[in-house]
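Per the UniProt record's numbering, the sequence shown runs over residues 1 to 511.
For every residue, glycine included, the Cβ atom is placed at its ideal position computed from N, Cα and C.
In what follows, a single structure is set out as structure tokens and then discussed.
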Amino acid sequence: MSEQAAGLQSLVVDTRQHTWTNKHQTYTQKLLGLYDIWNPTGEGSPLERYNATTRGLQELIADAVMDRVHLRALGGGWSLSGAPATDGRLVNTKPLNLYFRLAPGMVHARYTGDAAGLHFVQCGCTIVELNSRFRRQGRSLKTSGASNGQTIAGALSTGTHGSAIDTGAIHDTVAGLHLLVGPQRHIWLERASHPVTSDAFARQLGAELVRDDALFHAAIVSFGSFGIIHGVLLETDPLFLLKMYRQRLPLDRALRRALDTLDFSGLALPGGAERPYHFQVVVNPFAPTHSAHVITLYRRPFRPGYSRPGIDLDGIGPGDDAAAFIGLVTDLAPPAIPFAVNQVMSRAYRDLHGIEGTLGEIFTNTTIRGRVASTAMGLPVSRATEALDLVQDLNREAGPFPVLIAFRYVKRTQATLGWTRFEPTCVLELDGPLSDRTLSLYRRVWAALRERGIPHTFHWGKQLELGEDAVREMYGDAVDQWLAARNTLLDAESRRVFSNRFQEELGLAAP
């Protein structure tokens, strides 16, 4: 290390803030302190500045160990759950947005993928930033969620997903992690079965090289409890276009079969017999006709000169999900709910006919309109319509509830506690305004899923109420595998520092 590099220091700013509210305003957390961290400015290469920030983050970890307080890295604050919360010190990593392309000498000789598609990004890069940067390089993320305000570290840590039916969630496109697991130890972690970087890459970071499938699969979905994810190596695709349609179709036998099987042969989809890249269904329980909004996207080679999609007068983009606008329905008296939901749907969810855009142009949302509640459950695809009927029945019997029902589909993950664990996973999403009425429906649905014996998991970044027994019922031996991996990578002091109430309630903070 040069003298100049050794003298570089990240900037840590104590905001003097002792409470923090997440983006969706589902809770406010008391803190010992909220700190912003910035990469060094001025001289020094991007890599030298990145490594200086590694040292700065490890100093914060050392202080937390010495003071016996909890520490958590904060990204975009997009999670509705308590995953990013702490009663200790919260470190805002969003200013950390360096970006690197791997030089040929940094790629492992046995890597079988597209070396041009490997991009190393710092933890605070948001999805919207990455979409913009990758486009300039002629590249694209393989998939994303409907919202783009998350940081890459936050999105992958909670299992954020889209509905690219033959692609996994965001974390399934990650090839390596730079993980700060203690005050004196930081590692470069990738799979032994899928080596991507040369040994020289870890040396450049000053990190210990660890190639281990079990440790990688445990750490990739760990919601901040395996230390601080400082850097992420992504596998990207060449830039492509998506052709998008949104249409109302009868909620008939053909559509129900597609929901339960992903067999589209009986549906009159815009792409004919072509299998969609993305398939999504949104059901408004108050629709005047027995129909659903069916969203299909077809992947096309990129070409210049296409007409970019626009944003409507309400600021809603073509790929926005229900959570982007359902908060416009306030906590109304029950008789007013059906009319209000129908009004919002007619304004915000119009049909679309073959609009084109890149992934980042279709899925643009970084805004929340109103206070929103959202829960998402992963189900076996064969139980999709059973779950739909269950929610509809509850709405008729105990409602009305101001909630929209959506189905998205994700390829099974290998992550140890990845909640998209069914092959494939049907994601049942319930979005509504944040209110006691909405939350009461969620609790009824959760109880009914258990009573019906429908296997399910929960999105770690959305609203859920789980205890240790429920987590073990859902994940079985994977819980012990995950805990064993955490014990391997973090010593006892670091495990204490990187624990929070969310983990404790789930039984995932065992010493």
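Under the three-state reduction of DSSP output, H456 falls in the coil class, being neither helix nor strand. The region 144-164 and the region 218-227 touch, with no fewer than 3 CB-CB distances between them shorter than 8 Å.
In terms of Cα proximity to A478, the closest of V221, H119 and A492 is V221. The region 131-141 and the region 195-212 do not touch, with fewer than three beta-carbon pairs separated by less than 8 Å. The beta carbon of T385 sits closer than 8 Å to those of R256, L259 and D260, all from its chain and outside the five residues before and after it, given in chain order. Annotated three-state conformation of F302 is coil, per DSSP. A Cβ-Cβ separation of about 32 Å leaves L241 out of contact with F216 under the 8 Å criterion. Going by DSSP, R136 is part of the alpha helix (DSSP H) stretching over I127 to R136.
The DSSP assignment places 11-14, 19-21, 28-30 and 33-38 as complete runs of the beta strand (DSSP E) inside the region 1-56, in order along the chain (cut-off: 3 residues). Take the alpha-carbon of A415 and the one of A336: they are about 43 Å apart. A direct Cα-to-Cα measurement between A268 and Q247 gives close to 10 Å. In this structure, G378 lies near T457, with their beta-carbon atoms less than 7 Å apart.
Classified as exposed, F339 has fewer than 16 neighbouring CB atoms from the shown chains inside 10 Å of its CB. Rounded to the nearest whole angstrom, the CA to CA distance from P455 to G56 is 43 Å. Nearest neighbour of L11 by Cα position, chosen from Q17, Y27, T54 and D172, turns out to be T54. By the C-beta density criterion, H70 is buried, having at least 16 other C-beta atoms within 10 angstroms. Contact between the region 402-410 and the region 473-488 is absent: fewer than three C-beta pairs spanning the two stretches fall below 8 Å. Rounded to whole angstroms, the Cβ separation of R450 and G507 is 17 Å, and the two are not in contact under 8 Å. Counting of Cβ neighbours within 10 angstroms places P304 among the exposed residues, the total staying below 16. DSSP places V121 outside any alpha helix (DSSP H); the residue lies instead in the beta strand (DSSP E), whose first and last residues are L118 to Q122.
In this structure, DSSP gives Y349 a state outside helix and strand, which the three-state scheme calls coil. Under the criterion of beta carbons closer than 8 Å, H161 and I152 do not qualify as touching, at roughly 14 Å.
By the C-beta criterion, the region 498-505 is judged not to be in contact with the region 411-425, since fewer than 3 inter-stretch pairs fall below 8 Å. Inter-residue distance for L31 and G75 is about 16 Å (C-alpha atoms, whole angstroms).
Residue state for T425 is assigned as strand, using DSSP reduced to three classes. Setting aside the 5 residues that flank it on each side, E356 is surrounded in the same chain by L241, K243 and Y306, each with a C-beta closer than 6 Å to its C-beta; the list follows chain order.
When only Cα atoms are considered, F264 and V121 end up about 37 Å apart. Per DSSP, A175 is one residue of the beta strand (DSSP E) stretching across V174 to L180. Under the Cβ criterion (8 Å, minimum of three pairs), the region 418-437 does not count as touching the region 40-50.
CA-CA distance, F302 to A292, rounds to 30 Å.
Residue range D199 to L205 is occupied by the alpha helix (DSSP H) that includes F201.
Excluding sequence positions up to five before and after K462, its CB lies within less than 7 Å of the CB of L80, S81, S374, T375 and A376, all in the same chain and listed in chain order.
Put simply, the backbone Cα of P380 is about 12 Å away from that of L262. Boundaries for H108: no alpha helix (DSSP H) harbours it, and the DSSP string shows neither H nor E there. Under the three-state reduction of DSSP, H171 is assigned to helix.
For L249, the uninterrupted beta strand (DSSP E) segment begins and ends at F240 to P250.
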